[in-house]
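A short write-up of the structure that comes next.
Numbering (the numbering used here), first residue to last: 964 to 1403.
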């Protein structure tokens, strides 16, 4: 099958590469020449484990191609994936200008039947807007070329995106005609040989399913974070509570880890967009999701508050080692990352910070340009030099079993603030550390 993927960001590049890996002929379009140049030179513009090798393999096999030529891309694929960004607008709603532009370009140049697939996370009703934009361009040309519009939201976890695409839990497809459904079944057949994972539904339900999934996961995280704060006050251990409630099969263990707040490109944006969608005409106020967002915003300052409670509100002259900058492990994504708020809190109180992250250092430099109070270490041990305490913000595997003797020797005082509950409190405190975690 010939496939065009519009957008070579996280969703587009992963989707296009995985589709090529099962034998499809895929052309990835991006209007940013710099991104295409990186891809053509054998690099990738994002960090995702295993992706670069997969891209190289499929380019070498002649199945994966890159272009900035909009007209070529519109002609190329029978299936046209729209995988462009939908950043939050000033009011929290999703900005649809890139999706609309992609749809218009398809309508402007298409000459035969196309299945246009909304892969980006988009508000309910976007398929109607995409259909209207394509129809408008076709009418301008005086042609009536047939096409279908499909909603096929992505469910990729950063850091595990390839496995999520190649071995999906479910494939959500929203469509309203049989020809489009047939094409989507053929497209995804290689990914569901074991059993049928495709769930067909109407388009609006498919669009809402994506938002509902992310909102549910965000809700679980905020609930556990609030419970952790309560556990701390009551003298309970949130890890014991997590195991106790997670053993109930109606609840399960996933997304029950307390921490310093969620971030990234999906949960914060999608919760805001769903709240905004509901409030468009003022008829529905999503009380639960508003509380989820508020709780998460507060949770991002828990580490900063703990540090100031321990050292005082004026941190002038204090220096902290910070492990982890990305919003989660196995990515360089710092969008809405908790580390940004922790660093701001510490610097605002007068402290200096040396940070280390295995892959997000360059991204952090873009987030904090020309910040003299923030420096970067080349490894986790170097970050500890002359620090008054260690602050852990991201749950990278290399932080899970560190050399505690080395940490103790390097720090001015043996103090660890753990925003991800990586260690057993009894063990770490037994080694002579003052250990301040979340809900423990």
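Idealized CB from N, CA, C, for every residue including glycine. Fair warning: this is a prediction, and the values are worked out from it, not measured in the lab.
Within the model, the alpha-carbon separation for residue 1295 versus residue 1102 is close to 43 Å. Counting only the Cα atoms, residue 1054 lies some 35 Å from residue 1283. Assignment of residue 1262 by DSSP, reduced to helix, strand and coil, places it in the helix class.
For residue 1229, there is no enclosing alpha helix (DSSP H), as DSSP gives it neither H nor E. Annotation for residue 1153: 985 place their beta carbon closer than 6 Å to its own, counting only its chain and skipping 5 residues before and after.
Ranking 1076, 1023, 1015 and 1024 by CA distance to the CA of residue 1037 puts 1076 first.
DSSP places residue 1316 in the strand class (E or B) of the three-state scheme. Here the alpha carbons of residue 1358 and residue 1384 stand approximately 9 Å from one another. The closest CA to that of residue 1243, considering only 1088, 1070 and 978, is found on 1088. The beta carbon of residue 1397 lies closer than 7 Å to those of 1377 and 1378 in the same chain, with the five residues before and after it left out. Residue range 1110-1114 is occupied by the beta strand (DSSP E) that includes residue 1110.
With respect to the 8 Å criterion, residue 980 and residue 1014 are classified as neighbours on the basis of their beta carbons. 1111 is the residue among 1392, 1111 and 1125 whose C-alpha sits nearest the C-alpha of residue 1141.
Note on the segment 1055-1084: whole alpha helix (DSSP H) runs with a minimum of 4 residues are 1060-1072, in chain order.
The DSSP assignment places complete alpha helix (DSSP H) segments of no fewer than 4 residues inside the segment 1084-1164 at 1089-1104, 1124-1129 and 1141-1151, in order along the chain.
Ranked by Cα distance from residue 1214, the options 1184, 1227, 1232 and 1238 are led by 1184. Using a Cβ distance threshold of 8 Å, residue 1046 and residue 972 count as a contacting pair. For residue 1082, the number of other beta carbons within 10 angstroms of its own is at least 16, and it is reported as buried. The distance from the Cβ of residue 1131 to that of residue 1172 is about 14 Å, inconsistent with a contact at the 8 Å cut-off. Annotation note: the segment 1295-1351 contains the following uninterrupted beta strand (DSSP E) runs of length 3 or greater, listed N- to C-terminal: 1315-1319 and 1337-1339.
When secondary structure is reduced to three states using DSSP, residue 1251 falls in the helix class.
Between residue 1382 and residue 1193 the beta-carbon gap is near 17 Å, outside 8 Å, which marks them as no contact.
Take the alpha-carbon of residue 1208 and the one of residue 1073: they are about 54 Å apart. Judged by beta-carbon spacing, residue 1093 lies beyond the 8 Å limit of residue 1042, meaning their Cβ atoms are not closer than that value.
If one requires a minimum length of 4 residues, the alpha helix (DSSP H) runs lying completely within the segment 1200-1224 are 1201-1209, in chain order. When Cβ pairs closer than 8 Å are counted between the two stretches, the segment 1158-1167 is seen not to touch the segment 1189-1203, the count staying below three. For residue 988, the closest of 1028, 1035 and 1135 by C-alpha to C-alpha distance is 1028. Relative to the Cα of residue 1051, the nearest Cα in the group 1086, 1329 and 1010 belongs to 1086. Counting only the Cα atoms, residue 1216 lies some 25 Å from residue 1250.
For residue 1375, there is no enclosing alpha helix (DSSP H), since its DSSP letter is neither H nor E. The continuous alpha helix (DSSP H) containing residue 1022 extends over residues 1014-1023.
For the set 1386, 1254 and 1288, the Cα lying nearest the Cα of residue 1338 is the one of 1288.
Counted as a single uninterrupted DSSP element, the stretch harbouring residue 1398 is not any alpha helix (DSSP H) but the beta strand (DSSP E) occupying residues 1397-1399. When secondary structure is reduced to three states using DSSP, residue 1047 falls in the coil class, being assigned neither helix nor strand. With contacts defined by Cβ atoms closer than 8 Å, residue 1354 and residue 1305 form a contacting pair. Judged by DSSP in its simplified three-state form, residue 1197 adopts helix.
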